Amino acid sequence: MKDITVCRLCSACCPVEVDVHEGQFISAKRITPFEKTIICPKLANAKSIIYSKDRVLKPLLRETLKDDFKEVTWQEALDFIAEKINVTRQKYSPQSIALLRGMAADWGTPWDYAVRLMSALGSPNAIGNGSVCFVAREMAHTYTYGAITIPQIRDSKCIVVWGKNDRNTAPGMAEAIIHAKEKGAKLVVIDPVKTFFTDMADLWLRVKPAHDGVLAMAMMKVIVEEKLYEREFVEKFCKGFDALCELLSKLNLNHLSEISWVPIEQIREAARIYASTKPACIIDGNGIDMQTQVFQATRAVCILRALTGNIDVQGGDFIPQPVPLKNIQLREKVATVPSVMLNYPHFEKFHPTWGLHGQSCLIDSILDEKPYPVKFLFVQSGNPAVTMMDSARVRKAFEKLDCLVMIDMFRNKTSQYAHVILPATSCFEKTQINRAYIRNCFIMLQKKVIEPLGESKSDIEIIFELARAVGLGEYFPWRTVEEALDFQLSSTGITIEDLRKNPRGIWYEQPRFRKYEKEGFKTPSKKVEIFSEILADTDFDPLPFINGFPERVISFSDEDEFKFIGISGERVNAFTHSQFRNIPELRKMESEPYVDVNPLDAEKLKLKNGDLIRVSTPRGKIEMKARISDVTAEGVIRIAWGWGEVSDEWNLNFLTDDFERDPITCTPSGRSFYCKVEKIGEES
Ligand SMILES: Nc1nc2c(c(=O)[nH]1)N[C@H]1C(S)=C(S)[C@@H](COP(=O)(O)OP(=O)(O)OC[C@H]3O[C@@H](n4cnc5c(=O)[nH]c(N)nc54)[C@H](O)[C@@H]3O)O[C@H]1N2
Ligand SMILES: Nc1nc2c(c(=O)[nH]1)N[C@H]1C(S)=C(S)[C@@H](COP(=O)(O)OP(=O)(O)OC[C@H]3O[C@@H](n4cnc5c(=O)[nH]c(N)nc54)[C@H](O)[C@@H]3O)O[C@H]1N2
Ligand code: SF4
Ligand SMILES: [Mo]
């Protein structure tokens, strides 16, 4: 039997057709409108992931971290959790209970239920990892145009790929880029690393890691000085253009070129191509997200779109028309309770449902007990012991907790600090509405195609169970997940039944371009805010970098010993972050991690391919084999990402820093840091 659903083995959220036989998952393939398609190895091996012998299929419990886990019934696990929650509430406060959410369980409807549970408990501390992922980017877009824009790649004549590698991370987007390029679109790629797309590009700007803000300002300077901007759009629909011109006039292009490592001619060429080829879109990605100045750097990129009038036009960057689901998060119930993120008030509030994403603050509050101690933690669909910056600090914090409850399909390094593991289903064993499909006027059901394995339950059902166990069942009156989803959908006129009948999705409304002409933008001034009205009365730059570029954008830059810039490495097709190294078919594709070293550096360090090297920072060290290649520039190394799940020696986040953060979005630099590289062994 064929069935249609959404794959959520990574955050690309691809629509897929699944072959199911006698209730067993057999295979799946991506649904794509393009002729040239990209095979996803994770999906190709989804069967091995779903039926992996490592799946946790019953609740696991231990009284103390010294004990071994024992299989228990759901009732026993829930009773244990309810007791610990009650003790925490009495001894400390409801807000000493927190929930930390990884990427996997979806920022769609499951997140709403997790937040609702925390609100009902009286804690504002449902925290996601979006400060290092796309949420910081989304805030920068929102402060500029009122929403995050969506690149209209297929119809674009000029595509700027800025810190994104869709070939490995979002195959549908990559296929669209390839398609547009074949139809004649220009491709400009901004990346410190050589990738599939830099090889295909008309122009590749090898920017210095974390210097995207500088580069964006330099491109703006060219566009303004050469009068390549869209005058009518800027005059009618933007606020702050004069202030921008004044700022740009003070910047020196030679200096910007020097600090961003991009030759002046390339800056000019990129600016000219982007500003004069219409329509054009910019695809911005995690290469900019995980920087300590993500907010202003992304704002600068956003302003480039505005200057060229590429907003809300076909083939440009579209302003989405979200599907208006009911907001069920109950955050109003905890509105007066300070969260652990109280030092980042803008980030906490910029979006009605994204919620809180300063995960670093959670670690602060466990360790420093300010504004109060967090003592009880749920970790849902994440592996923070590996994926959060400064793993040693994170682990020290987890050791200090009274209780940690994980909700996951597998054990992982974070399990070392867990008292309970509640077994979650895989994405193919549950029904939910996927966020990717409600942000933009289109809605598709991620539909259960096989029954949950063992005693595993979907993330939403687990929240229902937890609520009932702690006496908050009244907040979750729905008998089934689908009934709850229908309640959320009731404001749209669409039902789950409609979505089932239309498995390929439903347009809530057709996309409308140039909406701003009638409606304005959803910003305080109703214009594109080159100059942010919200930030005008704060200590933050209302215009990106109006008070200069931050001196230090890469951690540890003032330490003499640490000469190399380390970049957190490629997301390879076979894995999602720390996941799937336990799946033999996928592990065969990438059996061990490497540090990519430029040949000039290899010569200086007397390194051969396969030699063992130690990479260290003031935070810690790792050891991996060297791979000599020109993917990075001289002085820059790239360290394979996600391998900390296999071994602590390979945990890149033992090197990263969690103290220096973007002042608005709390984002630490997981992307780049200064480090020391030493050879410690010959090729084996
Ligand atoms: N240095 C550095 N740090 C980084 C990054 C980097 O590139 N460099 N990347 C950052 C980014 S962008 C992100 S998003 C984070 C990712 O951080 P995490 O979200 O912690 O990453 P994963 O390793 O994917 O862990 C996901 C966990 O969820 C489980 N899981 C999978 N599906 C489900 C499900 O449906 N339900 C439940 N309950 N569990 C499930 C998996 O078994 C796994 O244990 O890491 C960030 N950290
Ligand atoms: N296979 C696979 N797919 C995934 C994931 C996965 O783990 N594995 N994770 C999912 C998640 S949660 C996310 S957030 C997305 C992220 O997906 P992407 O946004 O594509 O992120 P990355 O591939 O980490 O990095 C993108 C590019 O940024 C470049 N880069 C590094 N530093 C800089 C810099 O300072 N400036 C610029 N301009 N570029 C830089 C890198 O070299 C890389 O080519 O992928 C999702 N898809
Ligand atoms: S890229 Fe692969 S793993 Fe990620 S959602 Fe798409 S099919 Fe699934
Ligand atoms: Mo992410």
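Taking numbering that gives the first Met the number 0, the leading residue of the sequence shown gets 0, the next gets one more, and so forth. Positions of the beta carbon are idealized from the N, C-alpha and C atoms, including for glycine. Predicted, not measured: the structure shown is a model, and the values here were computed from it.
Any heavy atom of ligand 4 closer than 7 Å to the beta-carbon of residue i?
| i | result |
| --- | --- |
| Cys665 | no |
| Met0 | no |
| Asn709 | For residue 709 there is no data in the structure shown, the boundaries of the chain being 0 and 683. |
| Ser567 | no |
| Met102 | yes |
| Cys13 | no |
| Cys426 | no |
| Cys157 | no |
Mind checking whether residue i and residue j have CB atoms under 8 Å apart?
| i | j | result |
| --- | --- | --- |
| Phe196 | Leu186 | yes |
| Val378 | Met340 | no |
| Phe475 | Ile663 | no |
| Ala391 | Phe555 | no |
| Ala119 | Leu488 | no |
| Phe561 | Thr631 | no |
| Leu611 | Gly680 | yes |
| Asp661 | Val134 | no |
| Tyr371 | Tyr91 | yes |
| Leu227 | Arg267 | no |
| Asp382 | Lys412 | Correcting the residue type first, residue 382 is Asn in the shown sequence and not Asp. Cβ atoms of Asn382 and Lys412: closer than 8 Å. |
Report the partner residues of residue i according to the DSSP bridge assignment.
| i | result |
| --- | --- |
| Cys674 | Phe563 |
| Ala97 | Leu376 |
| Gly233 | It is worth fixing the name first, because residue 233 is Val in this sequence and not Gly. Answer by DSSP bridge pairing: none, since Val233 is not bridged. |
| His20 | Gln23 |
| Gln431 | Gln445 |
| Trp161 | Ile189, Asp283 |
Would DSSP call residue i helix, strand or coil?
| i | result |
| --- | --- |
| Ile459 | helix |
| Asp367 | helix |
| Arg626 | strand |
| Lys616 | A quick correction: the sequence has Thr, not Lys, at residue 616. Of the three classes helix, strand and coil, the one that applies to Thr616 here is strand, per DSSP. |
| Glu584 | helix |
| Thr752 | Residue numbering for the chain in the displayed model covers 0 to 683; residue 752 lies beyond these limits and cannot be assessed. |
| Leu8 | coil |
| Thr290 | The sequence given here has Gln at residue 290, not Thr. Coil, per DSSP. |
| Tyr211 | According to the sequence provided, residue 211 is Asp. The question's Tyr does not apply to it. Residue state, collapsed to three classes: helix. |
| Thr108 | helix |
| Gln578 | strand |
| Gly641 | coil |
| Tyr507 | coil |
| Glu268 | helix |
| Phe196 | helix |
| Asp201 | coil |
| Cys665 | coil |
| Phe409 | coil |
| Ile258 | helix |
Could you check whether the Cβ of residue i sits closer than 7 Å to any heavy atom belonging to ligand 1?
| i | result |
| --- | --- |
| Val192 | no |
| Ile25 | no |
| Val645 | no |
| Phe409 | yes |
| Thr289 | Looking at the sequence shown, residue 289 is not Thr but Met. The answer is yes for Met289. |
| Asn382 | yes |
| Asn546 | no |
| Ser577 | yes |
Under 7 Å from any heavy atom of ligand 3, does the C-beta of residue i make it?
| i | result |
| --- | --- |
| Cys360 | no |
| Lys46 | no |
| Lys684 | For residue 684 there is no data in the structure shown, the boundaries of the chain being 0 and 683. |
| Leu8 | yes |
| Leu42 | yes |
Is any beta-carbon of chain D found at less than 8 Å from that of residue i?
| i | result |
| --- | --- |
| Met199 | Absent here is chain D; the protein component of the structure consists of one chain. |
Within the present structure, is the beta-carbon of residue i separated from the nearest heavy atom of ligand 2 by less than 7 Å?
| i | result |
| --- | --- |
| Val596 | no |
Inset, instruction - Specify whether the stretch 567 to 575 and the stretch 585 to 595 touch according to this definition: at least 3 beta carbon pairs, one from each stretch, less than 8 Å apart. - result: A contact exists between the stretch 567 to 575 and the stretch 585 to 595.
Inset, instruction - Decide if the stretch 530 to 538 is in contact with the stretch 231 to 243; the criterion is three or more beta carbon pairs, one per stretch, under 8 Å apart. - result: Yes, the stretch 530 to 538 touches the stretch 231 to 243.
Legend entry - Touch test, the stretch 277 to 289 against the stretch 251 to 258, Cβ-Cβ under 8 Å, three pairs minimum: No, because fewer than three Cβ pairs between the stretch 277 to 289 and the stretch 251 to 258 fall closer than 8 Å, the two stretches do not touch.
Legend entry - Contact between the stretch 634 to 643 and the stretch 594 to 605 (3+ Cβ pairs under 8 Å): Yes, they touch.
Legend entry - Stretch-stretch touch, CB-based, cutoff 8 Å, three pairs: the stretch 173 to 187 with the stretch 347 to 359: Contact between the stretch 173 to 187 and the stretch 347 to 359 is not established, with fewer than three Cβ pairs separated by less than 8 Å.
Legend entry - the stretch 466 to 481 / the stretch 102 to 119 touching (three or more Cβ pairs under 8 Å): With a cut-off of 8 Å on Cβ pairs, the stretch 466 to 481 is in contact with the stretch 102 to 119, counting three or more such pairs.
Inset, instruction - Please confirm if the stretch 38 to 49 is in contact with the stretch 355 to 373, defined as three or more CB-CB distances below 8 Å between the two stretches. - result: Contact between the stretch 38 to 49 and the stretch 355 to 373 is absent: fewer than three C-beta pairs spanning the two stretches fall below 8 Å.
Inset, instruction - Evaluate the contact criterion for the stretch 5 to 23 versus the stretch 167 to 178: three or more CB pairs, one atom per stretch, below 8 Å. - result: Counting Cβ pairs under 8 Å, three or more are found: they touch.
Inset, instruction - Give a yes or no on contact between the stretch 415 to 422 and the stretch 51 to 59, applying the rule of three or more CB pairs nearer than 8 Å. - result: With the cut-off at 8 Å, the stretch 415 to 422 and the stretch 51 to 59 touch.
Legend entry - Contact between the stretch 208 to 228 and the stretch 514 to 523 (3+ Cβ pairs under 8 Å): The stretch 208 to 228 is not in contact with the stretch 514 to 523.
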